[in-house]
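Top line first, the protein sequences correspond to chains B and U.
So the first sequence is numbered by the working numbering: it starts at 1 and just counts up by one.
So the second sequence is numbered by the working numbering: it starts at 1 and just counts up by one.
2 protein chains.
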Amino acid sequence: VVLAVRRAGICNTDLEIARGYMGFQGVLGHELVAQVVEGPAGSAPPADWAGRRVTPEINCACRGCPACTQGRGNHCPTRTVLGILGRDGGLAERVAVPLSTLHAVPDSLDDDQAVFIEPLAAALHAFDDVDLTRKDRVLLLGDGKLGLLIGLALAARRGQLGQALAVGRHPDKLAILAAAGLEVALETDFDERGSFDLVIEATGSPQGLTTALEAVRPQGTLVLKSTYAGAADVDLAPVVINEVRVVGSRCGDFPRAIAALENGHIDPRPLISERFSLNEAERAFARAAEPGVIKVLVDATGTEP
Amino acid sequence: VVLAVRRAGICNTDLEIARGYMGFQGVLGHELVAQVVEGPAGSAPPADWAGRRVTPEINCACRGCPACTQGRGNHCPTRTVLGILGRDGGLAERVAVPLSTLHAVPDSLDDDQAVFIEPLAAALHAFDDVDLTRKDRVLLLGDGKLGLLIGLALAARRGQLGQALAVGRHPDKLAILAAAGLEVALETDFDERGSFDLVIEATGSPQGLTTALEAVRPQGTLVLKSTYAGAADVDLAPVVINEVRVVGSRCGDFPRAIAALENGHIDPRPLISERFSLNEAERAFARAAEPGVIKVLVDATGTEP
Numbered sequence: 001v002v003l004a005v006r007r008a009g010i011c012n013t014d015l016e017i018a019r020g021y022m023g024f025q026g027v028l029g030h031e032l033v034a035q036v037v038e039g040p041a042g043s044a045p046p047a048d049w050a051g052r053r054v055t056p057e058i059n060c061a062c063r064g065c066p067a068c069t070q071g072r073g074n075h076c077p078t079r080t081v082l083g084i085l086g087r088d089g090g091l092a093e094r095v096a097v098p099l100s101t102l103h104a105v106p107d108s109l110d111d112d113q114a115v116f117i118e119p120l121a122a123a124l125h126a127f128d129d130v131d132l133t134r135k136d137r138v139l140l141l142g143d144g145k146l147g148l149l150i151g152l153a154l155a156a157r158r159g160q161l162g163q164a165l166a167v168g169r170h171p172d173k174l175a176i177l178a179a180a181g182l183e184v185a186l187e188t189d190f191d192e193r194g195s196f197d198l199v200i201e202a203t204g205s206p207q208g209l210t211t212a213l214e215a216v217r218p219q220g221t222l223v224l225k226s227t228y229a230g231a232a233d234v235d236l237a238p239v240v241i242n243e244v245r246v247v248g249s250r251c252g253d254f255p256r257a258i259a260a261l262e263n264g265h266i267d268p269r270p271l272i273s274e275r276f277s278l279n280e281a282e283r284a285f286a287r288a289a290e291p292g293v294i295k296v297l298v299d300a301t302g303t304e305p
Numbered sequence: 001v002v003l004a005v006r007r008a009g010i011c012n013t014d015l016e017i018a019r020g021y022m023g024f025q026g027v028l029g030h031e032l033v034a035q036v037v038e039g040p041a042g043s044a045p046p047a048d049w050a051g052r053r054v055t056p057e058i059n060c061a062c063r064g065c066p067a068c069t070q071g072r073g074n075h076c077p078t079r080t081v082l083g084i085l086g087r088d089g090g091l092a093e094r095v096a097v098p099l100s101t102l103h104a105v106p107d108s109l110d111d112d113q114a115v116f117i118e119p120l121a122a123a124l125h126a127f128d129d130v131d132l133t134r135k136d137r138v139l140l141l142g143d144g145k146l147g148l149l150i151g152l153a154l155a156a157r158r159g160q161l162g163q164a165l166a167v168g169r170h171p172d173k174l175a176i177l178a179a180a181g182l183e184v185a186l187e188t189d190f191d192e193r194g195s196f197d198l199v200i201e202a203t204g205s206p207q208g209l210t211t212a213l214e215a216v217r218p219q220g221t222l223v224l225k226s227t228y229a230g231a232a233d234v235d236l237a238p239v240v241i242n243e244v245r246v247v248g249s250r251c252g253d254f255p256r257a258i259a260a261l262e263n264g265h266i267d268p269r270p271l272i273s274e275r276f277s278l279n280e281a282e283r284a285f286a287r288a289a290e291p292g293v294i295k296v297l298v299d300a301t302g303t304e305p
């Protein structure tokens, strides 16, 4: 189906791809809310989707290989990924996606909320494959675009934890998490060692991994949300000596993100720093890369050629 | 209690410590079988232990801190570790250890078997925190001292797995694993990617980690048994992109290792390369570091001063 894009967000993966990560050439953009306007080859869209507001999954799987049939479609070896791998993304007036990737956006969510469905799904996924108990102490490292969303997700379950601390570099960004109910600390003031049951690493830098390995308790869990372009010079001996469980975490479940937005448990709109029109996309990218800027949105309505 | 050492093994950790790892100064040796001969300050040993053949746990925990009371004594922050950290080890005529660390060696096990209890416990621990099913494909990387023991442990559960493959550098060492029932392959012939449910990395080199990350399937498990002295220059982006679960694994459960030796499921004696007397300990270390040599044993009986 062909979608008319309404709004798209810029994330750090987009910025890294623009610098050469993944070797992608094509249209960027994988956080979007859009409207179904066309079927294949100019045909009418399926009647139950026509005109609806949607957000597409970013992984487009073959649906036939062992990974797909075993429920790991996000890891299909021949997948394309919207705006990341072998498929044009949504920083455009229109974008073509498989019908199977669509999720309807409930009327109760505005476009500003809906554009966060994809990154919020990834943020919530940080807590999958992790058994948290009421006494557990959780540390979030990183107050960037993804780190702040994970922080809001962490704040939503604050009451079920022994401690929930976010450590970052920017007082103004940490203030958003403090307002949501997290304990916060500046990186320069933080030196706790070996005491956190769960550490979520979302700094986007190899130094964050070293800090995370120091902060996690023996036999604790470290969730990695950062991808680094290139090799990291990190001493991994503590993983073995302290028997740490390191879990890589990427994309998440869209319906759960939609539900968290709908029931009001998470409101990501305070993260919006600035808006641009699609014609200003290059300026939007430059702005999104500036320190202190959180989420930059690109509005594609009214820019049809 | 004071133990009269009968036999001790040399492992790669000993060799690394001799090169400066851990900054340990003292008597090496943490794989041993010994006899209880004395209590504290020259007193008689407890009657139920006097004269018994034993092997001691290597971690000597405080038994009072949160880690200890929560069942993680192996990770007690003030622990000493036999021959590794703050406590003289068993490459000696006699060694003093806490009574609480002793495990009785059954009469049915000879000294050659009993000296493997500690490293076999560590090898078996590679399969803890891992749920294996009948269809699972398991890859072991490394045919060194620990790798071969893990290989024997893997062979013992071969019938419960879809595939069990060991990849190494030495045809003669891999032959031991083939005889035990594993599929084997030389590293130079191996290039499978993204297909193993569980990969156990026991090569002792950073290159092994890179190979392991290539071989494990998305959302699969990678068990790290190697410690490297110093930082490793490894690209960790695949951990996140493929959502791999990396589990560090160190010491294991002694009673389970004793049971596996007793019931004959695992016989490590084919791994014994050579024997030295305690007076020849330096030669034993030089030999243990030579390529192709597996387990070097040091006999301490008959060397009382």
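A virtual CB, placed ideally from N, CA and C, is assigned to each residue, including glycine.
Counting along the chain, where does the beta strand (DSSP E) carrying residue i start and finish?
i, result
"Gly248/B", "Arg245 to Gly248"
"Pro56/U", "Arg53 to Pro56"
"Gln219/B", "Val216 to Leu224"
"Gln333/B", "The structure shown does not extend to residue 333/B, since chain B is modelled only from 1 through 305, so no value can be given for it."
"Ala96/U", "Arg94 to Ala96"
Counting along the chain, where does the alpha helix (DSSP H) carrying residue i start and finish?
i, result
"Lys145/U", "Lys145 to Ala156"
"Ile272/U", "Where Ile272/U is concerned, there is no enclosing alpha helix (DSSP H), although the beta strand (DSSP E) it sits in stretches over Ile272 to Ser277."
"Ala288/U", "Ala281 to Ala288"
"Arg256/U", "Phe254 to Glu262"
"Ile117/B", "Ile117 to Leu124"
"Asp111/B", "Asp111 to Ala114"
Please list, in chain order, all residues of the same chain as residue i whose beta carbon is under 8 Å from its beta carbon, the five residues on each side excluded.
i, result
"Cys65/U", "Cys76, Pro77 and Thr78"
"Val244/B", "Leu213, Val216, Pro218, Gln219, Gly220, Thr221, Leu222 and Pro238"
In chain order, what residues of the same chain have a beta carbon less than 6 Å from the beta carbon of residue i, not counting five sequence neighbours either side?
i, result
"Thr80/B", "Cys60, Gly86 and Arg87"
"Glu304/B", "Residue placement at Glu304/B cannot be trusted, given a pLDDT of 49 that sits under 50; the coordinates are not used to answer."
"Ala67/B", "His75 and Cys76"
"Val156/U", "Checking the sequence, you will find Ala at residue 156/U rather than Val. Excluding positions up to five away in sequence, the list reads His265 and Ile266."
"Leu271/B", "Leu148, Ile294 and Lys295"
"Gly83/U", "Leu28, Gly29, His30 and Gly89"
"Glu187/B", "Val167 and Arg169"
Bridge partners for residue i per DSSP, in chain order?
i, result
"Ile10/B", "Val296/B"
"Gly168/U", "Leu186/U"
"Ile200/B", "Leu140/B and Val223/B"
"Cys60/U", "Thr80/U"
"Asp233/U", "Asp233/B"
"His103/U", "Thr55/U"
"Glu38/U", "Val2/U"
"Gln70/B", "Bridge partners of Gln70/B: none, in fact."
"Gln163/B", "Arg137/B"
"Val33/B", "Arg7/B"
"Leu376/U", "Nothing in the structure corresponds to residue 376/U, since chain U is present only between 1 and 305."
Relative to the C-alpha of residue i, which candidate in the options has its C-alpha closest?
i, options, result
"Asp191/B", "Ala215/B, Thr203/B, Val184/B and Asp197/B", "Ala215/B"
"Gly147/U", "Leu120/U, Arg137/U, Asp112/U and Gly159/U", "Leu120/U"
"Val97/B", "Phe24/B, Ala153/B, Leu3/B and Arg269/B", "Leu3/B"
"Arg6/B", "Ala114/B, Ile17/B and Thr69/B", "Ala114/B"
"Ser108/B", "Arg269/B, Leu261/B and Leu297/B", "Leu261/B"
"Ala44/U", "Gly20/U, His30/U and Leu99/U", "Leu99/U"
"Leu198/B", "Gly208/B, Gly73/B and Leu139/B", "Leu139/B"
"Phe24/B", "Pro40/B, Gly89/B and Arg72/B", "Gly89/B"
"Asp189/U", "Leu141/U, Gly204/U and Gly159/U", "Leu141/U"
"Lys225/U", "Gly144/U, Gly42/U, Val95/U and Ile117/U", "Gly144/U"
"Ala122/B", "Arg269/B, Thr69/B, Ala289/B and Ser249/B", "Ser249/B"
"Gly151/U", "Ile258/U, Leu124/U, Gly73/U and Arg19/U", "Leu124/U"
"Pro46/U", "Val1/U, Ile17/U, Gly159/U and Asp299/U", "Val1/U"
"Gly73/U", "Leu209/B, Phe127/B and Asn242/B", "Asn242/B"
Within a Cβ cutoff of 7 Å, which residues of the same chain sit near residue i, ignoring the five residues on either side of it in sequence?
i, result
"Asp129/B", "Val247"
"Arg287/U", "Glu274, Val293 and Val296"
"Asp136/U", "Leu161, Gly162, Asp197 and Leu198"
"Asp111/B", "Arg6, Arg7 and Val33"
The stretch 51 to 65 of chain B touching the stretch 91 to 109 of chain B, judged by at least three CB pairs closer than 8 Å: With three or more CB-CB distances shorter than 8 Å, the stretch 51 to 65 of chain B counts as touching the stretch 91 to 109 of chain B.
Contact between the stretch 27 to 47 of chain B and the stretch 166 to 175 of chain B (3+ Cβ pairs under 8 Å): Taking one beta carbon from each stretch, the stretch 27 to 47 of chain B and the stretch 166 to 175 of chain B have fewer than 3 pairs nearer than 8 Å; the two do not touch.
Segment contact, 8 Å Cβ cut-off, at least three pairs: the stretch 235 to 245 of chain U with the stretch 174 to 181 of chain U: no
Contact between the stretch 242 to 256 of chain B and the stretch 270 to 283 of chain B (3+ Cβ pairs under 8 Å): no
Stretch pair the stretch 156 to 168 of chain U + the stretch 279 to 292 of chain U: three plus CB contacts closer than 8 Å: no
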